[in-house]
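S.K.: Below is a structure I'd like to ask you about.
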Amino acid sequence: MELALAPETLARWQFGITTVYHYFFVPLTISLAALTAGLQTAWVRSENPKYLKATKFWGKLFLINIAMGVVTGIVQEFQFGMNWSDYSRFVGDVFGIPLAFEALIAFFFESTFIGLWIFGWDKLPKKIHLACIWMVSIGTILSAFFILSANSWMQHPVGFRINKERGRAELTDLWAVLTGETALTQFFHTLAAAFLVGGAFMVGIAAFHLCRKKHVPVMRTSLRLGLVTVVVAGLLTAVSGDMLGKVMFKQQPMKMAAAEALWDGQASAPFSLFAYGDVEKGHNKVVIEIPAVLSFLANGDLGSYVPGINDTNKAEQEKYGPGDYRPNIPLAYWSFRLMIGFGMASFVLGLAGLWLTRRKLLLSPSLRTGEGEVPKLALFPNTTLGPKSARWYWITALWTMLFPMIGNSWGWIFTETGRQPWVAYGVLRTSGAVSPSVSQGEVLTSMAVFTVLYAVLAVVEVRLMVKYVKAGPAELTDDDLNPPEKIGGDHADADRPMAFSY
């Protein structure tokens with residue numbers, strides 16, 4: 001039996017590895033596109049060179065990131081046919097439509113405007129060129145929406161019927177798939193979390209350069225933009241997370257019971273701070289909890305009843321037949337806490353940064369004007385990093401800038417593993433979705449190849465990012481500051497070198 005299950009287990013591992021790796025790039029792409037567009041808008045409106053420098057610097061990092069995201073995303077989609085052919089056959093009529101929309105947007109809409117933005121700096125008028133990056137940003141958000149609509153259908157299938165003769169699900173209501181409660185709340189939560197990633201990334205890199213007293217005007221602006229983004233996105237992530245949690249308590253009670261290690265349902269259910277239990281016997285040995293909080297989070301009522309793992313498992317056995325409908329309880333429990341912990345740490349860092357900036361403990365008054373290098377005494381006397389509060393904040397910001405990205409990854413691990421043993425909740429089990437003709441050796445070989453390939457790509461990504469981050473914003477040229485005002489003008493000479501291409 002173990003040998004028969006091996007291809008399924010390996011296929012799940014492979015999809016998990018490629019999905020988590022790919023998702024490192026997705027939230028950063030979404031947020032950097034919008035933040036870059038905002039900086040370029042500030043330049044077009046004010047013509048302040050620091051905004052143009054910032055636009056080109058963050059735009060370069062955005063392009064490196066999106067290129068890696070495209071490569072890893074293509075590999076991920078191949079797996080639907082490689083390892084999950086029975087899933088594709090069963091839900092292809094439903095799942096394929098939002099997936100097709102996402103592919104059209106990513107490979108035609110986004111790519112077109114990215115090309116215009118990259119090569120149009122010295123060819124297009126400023127406002128038209130600005131519109132291109134805004135269209136890229138809109139495209140990344142739409143791509144995320146359609147992918148999340150497809151994933152939300154797996155969490156809570158709607159708008160379909162089962163054709164028993166053909167043995168497959170058939171779409172009956174596309175609007176229900178795209179606008180279902182799960183899809184909209186998950187999209188809201190994911191989008192907010194994506195901007196938390198981008199804001200923290202911007203804060204960390206700005207802190208790195210401010211520690212070195214390099215590129216101060218650009219990095220001061222970037223620091224403040226990043227801090228505001230982290231705080232606003234952190235608040236929205238918490239609000240949307242609460243909304244999504246209430247939806248999941250209603251639609252996937254087993255997932256949320258596992259997330260809290262709540263074995264037996266109860267009224268005024270407590271929120272678990274720490275738990276260690278016996279999965280086989282179905283109870284906790286050690287638990288630290290806050291009374292009634294879980295009931296409030298689930299239903300907005302401190303006294304409401306919340307079903308537990310044991311009673312939910314019995315209810316699903318009665319509904320779907322014999323079997324164990326529990327996910328991996330320790331993984332669900334700890335991934336849920338790691339998601340929240342890493343996200344909240346970044347939010348607190350953002351609040352601290354805004355307070356320190358407000359109190360002028362991160363930036364001295366002399367840093368608010370002028371260009372170029374800052375004199376030694378422009379930052380606080382007798383130190384290269386400022387007072388202790390600024391020094392420790394900058395170091396912390398640099399080392400924790402990836403916290404939201406880690407939190408996002410644990411969030412997706414919780415979302416997908418907490419749904420098990422279902423690949424489409426209540427409709428198709430994971431064991432019935434794997435390709436029947438793929439052997440253990442074939443899956444293991446492809447998983448090894450992809451893992452090695454992704455390791456190589458990780459080295460390339462990190463080296464490119466580090467190289468351009470350390471270099472900082474490039475100096476501007478006359479062509480940068482004076483782009484063409486109309487297409488076909490003097491600046492439209494095709495033989496002239498491009499100012500912004502890779």
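For the sequence shown, UniProt numbering begins at 1 and goes up steadily by one. Where a beta carbon is used, it is the ideal one built from N, C-alpha and C, also for glycine. All of these numbers come straight from a predicted model, not from anything done at the bench.
Leaving out the 5 sequence neighbours to the left and right, which residues in its chain are closer than 8 Å to Val-469 when beta-carbon positions are compared?
M.R.: Leu-61, Ile-205, Phe-208
S.K.: Exposed or buried, which one is residue 503 when buried takes at least 16 other CB atoms within 10 Å?
M.R.: There is simply no residue 503 to check, as the chain begins at 1 and stops at 502 in what is shown.
S.K.: Relative to the C-alpha of Arg-358, which residue among Asp-242, Leu-223, Ala-258, Val-247 is closest?
M.R.: Leu-223
S.K.: Are the CB atoms of Asp-86 and Ala-433 within a distance shorter than 8 Å?
M.R.: yes
S.K.: Taking contact to mean at least 3 C-beta pairs separated by less than 8 Å, is the segment 84 to 99 in contact with the segment 149 to 156?
M.R.: yes
S.K.: Give me the DSSP bridge partner(s) of Asp-278.
M.R.: His-283
S.K.: Alpha carbon to alpha carbon, how far is Pro-307 from Gly-350?
M.R.: 36 Å
S.K.: State the beta-bridge partners of Trp-422 as determined by DSSP.
M.R.: Arg-429
S.K.: Whose CA, out of Ser-295, Trp-263, Pro-291, Leu-235, lies closest to the CA of Lys-285?
M.R.: Comparing Cα positions, the closest option is Trp-263.
S.K.: Am I right that Gly-265 and Asp-311 are in contact with their C-beta atoms under 8 Å? What's the rounded C-beta distance?
M.R.: With a Cβ gap of about 5 Å, Gly-265 and Asp-311 count as contacting.
S.K.: Report the rounded CA-to-CA distance for Leu-297 versus Gly-245, giving the unit in angstroms.
M.R.: 7 Å
S.K.: For Asn-151, does the three-state DSSP call read helix, strand or coil?
M.R.: helix
S.K.: Would you tell me roughly how many angstroms separate the C-alpha atoms of Glu-234 and Ala-131, rounded to the nearest one?
M.R.: A quick correction: the sequence has Gly, not Glu, at residue 234. Inter-residue distance for Gly-234 and Ala-131 is about 28 Å (C-alpha atoms, whole angstroms).
S.K.: Taking the alpha-carbon of Thr-179 as reference, which of Pro-157, Thr-396, Ile-162 has the nearest alpha-carbon?
M.R.: Cα-wise, what sits closest to Thr-179 is Pro-157.
S.K.: With DSSP run on the structure shown, which of helix, strand or coil describes Ala-24?
M.R.: According to the sequence displayed, residue 24 carries Phe and not Ala. Reduced to three states, the DSSP call for Phe-24 is coil.
S.K.: Shortest alpha-carbon distance to Ile-413 belongs to which of Phe-145, Tyr-454, Lys-255?
M.R.: Lys-255
S.K.: Could you name the residues of the same chain whose beta carbon sits closer than 7 Å to that of Pro-270, not counting the 5 residues immediately before and after it, in chain order?
M.R.: Glu-289, Ile-290, Pro-291, Ala-292, Val-293, Leu-294
S.K.: Tell me the rounded alpha-carbon separation between Leu-10 and His-22.
M.R.: 18 Å
S.K.: How long is the line joining the alpha carbons of Met-68 and Ala-259, rounded to whole angstroms?
M.R.: 32 Å
S.K.: If we ignore side chains and look at the alpha-carbon of each, how far apart do Leu-356 and Val-20 end up?
M.R.: 34 Å
S.K.: Within 10 angstroms of the Cβ of Pro-365, are there 16 or more other Cβ atoms? Answer buried if so, exposed if not.
M.R.: The predicted position of Pro-365 is uncertain, since its pLDDT is 39 and thus under 50; a value taken from the coordinates is nonetheless stated next. Counting Cβ neighbours within 10 Å, Pro-365 comes out exposed, since fewer than 16 surround it.
S.K.: So what's Leu-52 in DSSP terms, helix, strand or just coil?
M.R.: helix
S.K.: Measure how close the beta-carbons of Pro-404 and Gly-343 come, nearest whole angstrom, since I'm counting them as under 8 Å.
M.R.: 6 Å
S.K.: Is Asn-65 near Val-443, with beta carbons less than 8 Å apart?
M.R.: no
S.K.: Taking the C-alpha atoms as reference points, what is the distance between Glu-216 and Pro-473?
M.R.: Just to set this straight, residue 216 is Val in the shown sequence, not Glu. Approximately 10 Å, taken between the alpha carbons.
S.K.: From Gly-386 to Gly-59, what does the alpha carbon distance come to, in whole angstroms?
M.R.: Because Gly-386 sits at a pLDDT of 46, beneath the cut-off of 50, its placement in the model cannot be relied upon, and the following sentence gives the value as read from the coordinates. Each residue's Cα considered, the two are about 29 Å apart.
S.K.: Check the DSSP bridge columns for Ile-288 and list the partner residues they point to.
M.R.: According to DSSP, Ile-288 bridges with Phe-274.
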